[in-house]
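Take the sequence shown: its position 404, counted from the start at 1, is 404 in UniProt numbering, and no numbers get skipped. C-beta atoms are modelled at their ideal positions from N, C-alpha and C, and glycine is treated no differently.
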Amino acid sequence: MFLVRKKEKDDRKEEKKKKNTLLVASLKDDAEPLVSSSVTVVLSAANVQPATEFHQARPNESERTPQQFGTSEQWFRDAMSSHNKETNSQNGSVTFQSFPVLKDLPKLSLPALAPVQVNQRTLTLHRNVAGDFGFNVRRTQFPDFRGRLRAVVFAEPTEVRCGPPRPSDIRAGLLPGDQLVKMNGRSVESLGREELLAIIQNSGDQVELTVRAMPELAELCDRTQRGVRDTGDSLMLPPVSNTYLDENITEDERYWLMHKNGYTMARMIETQSDGKVHVMVAGAEMVVDVTDVDKANPSNMDRVEDLARLRYINETSAVHVLRHRYGSGLLYTNAGALSIICTANEQEPLLCNKLVALFKGCRRQQMPPHIYASAQQAYRKMQMSGRSQCLILTGVTGSGKSTQLRNVCHYLCEIAGWTKSLSYGKISAALGVVEAFGNCATRLSKNATRFAQMFSLSFDAAASLRFASIRTFLLDSSHVVKQANGEANFHVFYYLLEGAEPELVQSLRLDSITKPFRSPLIREEDKNAALLGWSRLKEALSTLGISAAHARAIFSLLAAIGHLCCAGATQSPAQKAQFVRASSAQHAAALLSVGTDQLASAVFRGKMSSGGQSGPGNVMNRFSLSNRGQNGQEALEAFVAHLYNELFYAVVALLNRGLGATNLATTTSITIIDFPGGNFNAAWSEESQRTSGLADLTYNYLNERIAELFYDTSFTEPIELYDREQVEVDIEKPTLCPHQITRLIDQKQQLLNCVDIDLRSEERRGLLHILDEEALFPGATDDSFFERIFVHLGESRLIRRGCRPREFVLGHCLGGSPTVYSVNGWVKAAQPNVSEGSVLTLLHSSRDAAINELFSPFGMTRSESATLNIRRATQAAKLDATGLPTACGFFSNISMQTECIISFARHAGGVQFVHCMQPQPPSEDDGRSTGSEMLLDVPFVRSQLRSLLIIDATRASSRGYPERLSFKDFRRRFQCLVKSSSSLDDVLDDRAAAGRILEDTGVFPHTYRLGLSQVLLRSDVLADLENRRELCLSGLIVSFQRACRKHLSAKWLARRRTLDSAIRCIQRSGKCYIKVREWSWWRLYTKVTPLLAAARSDEVYREMETRIRELEAINNELRVSKSRVEGRVAELEQMLSAECSNTQSLGEALERETEHRLQAQKQLIVMQQRHFDEPRLSSSSSSHLDNSMVLSDAKTTELNKELETLRESEATQRTRAQKAIQRLRDVEGELLDLKARNEILEV
């Protein structure tokens, strides 16, 4: 929203009226007679007036232009070197000598637009099983290009299949975004929603609809470019004949002549040898410079989707295509393989889920130019290559980059968010919070971004979205305390001051915040917008899981910033300064939960009064020793700016936690880089004379670095790749490049350690480096800095002095957008501040736990700590002559943060550029475009195309080979295209195999090149090969689908059979019920059953229930006893088996002993018979035998005793076992009795 005070707005309108009155009078005085048709005029490239001199009204578009339309960079160089400058002493502006050629030539208007024709389809829809027709009717008020609301009725299908629409979908079905024209032959333009619903309900079994598709979808379904083979499926009718074409001019003689209104059709008569051409335009013959004419393309290319497909790629033809597409409602146009041009301006995000489904899974050649197509291309590349991708949004301020960021995030969330880990609702909430804290309203945009960000969406190995993270850079925190005339503060302050609840207003003392910080809103729409923004901010914080304590801490800090701005400070030196309004300072200290003395010490002296560690203000350096100390107000403003800077980064850290950034288990990511647009369009607005400041230079420098990256991506890197691959390609670098202006700004000193002082002082260095030196040099002022700029950079043609003191002009955008800068206050802004280190120290000493936790460095995630390290690294330290560290870092801060963004983009796996362009220059009132809303401002769009060399990059992409695949990947992917008769088995390597594949497929040799390591292809060649591959694999895919359908059909049949059995069972049960429902006993049962519940409440019933529970308890105890006895029986049986085994072993031992005894007796008898003649021997032997027999008898006796003992023990055990078994049988009998009693009781 654009928030300005009514008085300032009225003053600007009054000044505008006076300026227009003076301008009309001057134009009447300078009027010249008309040029006749027979006069020959010589037109050069510089014959165009700047913006301060051309304000004539033209029939179609605005005539303002700050540069010539042939070669703007040549105009800038000639203008700086010429001596025809005229200084306007009244307004301080610089003008140049005018060239009134073609000024009064009649009929030099822009060519008429060929109207877009979209085919109307008549469909007959039948009711489905659910009883509806499968579509929704939506009636809305849709604004046209002029802002007028008109009623539009949309008929959209309830379900949409993924991918481009099939021919059957086009011929017999509805598509997303279909506009309903007729229903059952009746026009719906004047019908209300209730009437439409009544027609649908009374339509019977079918309804007839006449619909018209939107132009973007018509391009998606164009069969001539999508390869659809069926007839009757095209939504685009043949283009009508263009009225700007002259039948007498042949196609070879058609040229575009550039003039102050834009361009017009001219007939080429002849080409002269001195660089001039003889043309006829509007019935007049003239000789013009060859650089002022461009070859015209055939009329069938007026709405071509890709500028690289033009037969003649030139600037005017590109503008002509953009103009026709914009007039047809087609807001996106491809510009080569890596770029897309968006002319959507600051429109609302698309957020159409059904439209997302049409782009899901498509290749680039299957999609029309669209932001969803760019997001799908990045996602597809990430899936195929496994490398992270990067999308860079370029454009001037107010061109709609933030809107395209939301569109990309919405598309990726819809196609990759099937795990539900992160929804678009959270992402939208996070972006809304960041925009509230980092965006503000300016004269050029109602929602200008004042910080750069890298929004990363991280995916896992399955390409599923897991979490997101935000990294912010280059916040213009000084905007809190200083806003230019007509600009507003950050949105969040208006949200808080206008939308806060009475309780919050009272607790934060918001009523005491007055001017100059608070400017009351006058318009009701601004107040309503602030209230809506406050409610959305609170809802977003809640959605992201930010606690109420942290949210209250954030609001307290915002209120403290407002109170500090209202407190003011004395103009005395900072060390002796005090607050002017002590009450406001006390309110701020109370909200920060610190003491007032602590706050004053931190603000003015850069240290804590409690004796804490001192900040940078106590460091001995040249700045502290100089006499350029800050006063109290400057110290207060610096402290507030640093406080808001810390708050902003703390809020971003909370948002990253809410987006799940603590989860690091991902493999790839897609990062969208969004940054503040340059104010290069300021020269085209009503405020073209307003000078730019240091923050504008910072953001313009970042835009130039992005332009440098685009230059390297489009020219330098491809040429180096072709050289490495030893491939000859006819590509030349443009003569102009953005490196000159970037080195003019950021060139570092290389001879810093050189002993030769003169050589070191004469070395050329960049503008920011000079500012960094002046900020630390004692006694340096803005005047000395201004003079040093031209001492070191005066020889450059890209910079010159302005007409006012301390003003210089930089030729941004390759010299096409000269921007005036004023160095007032630059040295002060670049100086190190004493409060830089005291802000965090003060916040850490806060007694509020939420504030302390919000800025605590502990408990941070890895991503948050990485961001903190980058911020800390930007605070560079240098050594003074005495060897002491000196606090500095303005140039280092800007350089390192910018290098972080550029380096990330260079190391990404793939980079795509989305060039957001404003169709018309911004106006003064609301930051929106002026002029005719139906058409583009041709000079303005031409300047934006030139600023990035988009046409040259498109030409390089068309002549080069943007698609590259390694030989191995190419063979693996396309070897199916080779016939079986010419197999690849006999090839030597993958390079030869790739060559044979290309030969067999009939690809023209000039459309591809074989390098040393990869195949280089044109974009259309790769698309053709992909189509052939799909056709070749269609049979296998169909077979696979057939098998899958067979399997699914078998499963469905099994489920159907089960369902049939269940249905039959239910039917049988139903028949049985029908038979028994008239039976008297069944009736009695149905009547008695409801009475059982009442009967169960009787006393007898309760007693029986108690008795049953007691018997069940006894039964359970008996069961436990039974189990215990059974366990004991098992133990006894085990012991009995062990005793039996012991007895058996002893019996076996006894038998063995008896056998030994018998054997010994037999041996004794034999011995006695053999030796009867030897009495001594016999006597001795008999005595020995007697002894052995005695011993054997004793042993036998012992064994018999043991055997008897065992037998007695066995008998005892058997007796015990019998008793236990008898007890078990008794217990079983009791259990049977109890069971019988229980059954009786239950019955």
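- Remark: three or more beta-carbon pairs, one from each stretch, lie closer than 8 Å, so the segment 435-446 and the segment 397-414 are flagged as touching.
- Taken through DSSP and simplified to helix, strand or coil, C737 comes out as coil.
- One Cα belongs to G262, the other to Q383, and the distance between them is close to 44 Å.
- Burial is judged here by how many other beta carbons sit within 10 angstroms of a residue's own beta carbon; P1090 has fewer than 16 and is exposed.
- If you look at R212, you'll find it isn't in any alpha helix (DSSP H); it sits in the beta strand (DSSP E) that goes 206-212.
- Between A574 and G629 the beta-carbon gap is near 6 Å, inside 8 Å, which marks them as a contact.
- For D782, the uninterrupted alpha helix (DSSP H) run begins and ends at 782-793, by DSSP.
- Exposed is the label assigned to E1155, since fewer than 16 other Cβ atoms lie within 10 Å of its Cβ.
- DSSP lists C440 as the bridge partner or partners of A448.
- For N679, same chain residues with a beta-carbon under 8 Å away, outside a window of 5 residues either side, are V396, T397, L444, S692, D696, Y699, N700, T819 in chain order.
- Unbroken alpha helix (DSSP H) stretches of 4 residues or longer found wholly inside the segment 305-339: 315-327, given in chain order.
- Fully contained in the segment 790-822 are the following beta strand (DSSP E) runs of length 3 or more, in chain order: 799-801, 807-812, 817-822.
- One Cα belongs to L358, the other to G766, and the distance between them is close to 50 Å.
- In the same chain as R509, and ignoring 5 residues on each side of it, the C-beta atoms closer than 6 Å to its own belong to H587, in chain order.
- Per DSSP, G361 lies in no beta strand (DSSP E) segment and is marked neither H nor E.
- Close CB contacts of R450 within its chain, under the 7 Å cut and outside five residues either way in sequence, are with G438, N439, C440, L475, D476, H479, P676 (chain order).
- Cβ-Cβ distances below 7 Å link F913 to L338, S339, I392, T394, F710 in the same chain, with the five nearest sequence neighbours on each side left out; the list follows chain order.
- A682 counts as buried, since at least 16 other C-beta atoms from the protein chains shown sit within 10 angstroms of its C-beta.
- In the structure shown, Y263 adopts extended strand secondary structure according to DSSP, grouped into three states.
- H278 is bridged by DSSP to E270, V287.
- Scanning its chain for C-beta atoms nearer than 6 Å, with the 5 sequence neighbours on each side dropped, one finds around P718 the residues G960, in chain order.
- Counting along the chain, the unbroken beta strand (DSSP E) around C916 starts and ends at 910-916.
- Going by DSSP, K295 is part of no alpha helix (DSSP H) but of the beta strand (DSSP E) stretching over 293-295.
- With contacts defined as CB atoms closer than 8 Å, E1153 and T1197 fail to qualify as a contacting pair.
- Of V505, S402, P165, the smallest CA-CA separation from Q366 is found for P165.
- By a beta-carbon distance limit of 8 Å, L1136 does not contact V1227. Their separation comes to about 20 Å.
- Taking one beta carbon from each stretch, the segment 264-277 and the segment 119-127 have fewer than 3 pairs nearer than 8 Å; the two do not touch.
- When the alpha-carbon of A993 is set against those of T1007, H1006, D969, P1005, the nearest one is in D969.
- V481 is positioned such that its CB atom lies closer than 8 Å to that of C565.
- Annotation for H563: no beta strand (DSSP E) segment contains it, though the alpha helix (DSSP H) segment containing it runs 548-567.
- With respect to the 8 Å criterion, D952 and P734 are classified as neighbours on the basis of their beta carbons.
- Excluding five sequence positions before and after V603, the CB atoms of its chain that fall closer than 7 Å to its own CB belong to A635, L636, F639, S835, given in chain order.
- With a cutoff of 8 Å on beta-carbon distance, L592 and W534 are scored as not near each other.
- Per the coordinates, the alpha-carbon of R518 lies some 24 Å from the alpha-carbon of Y649.
- Cβ neighbours of W1082 within its own chain (closer than 8 Å, five residues either side excluded): V1076.
- R847 carries a coil assignment under DSSP once its states are collapsed to helix, strand and coil.
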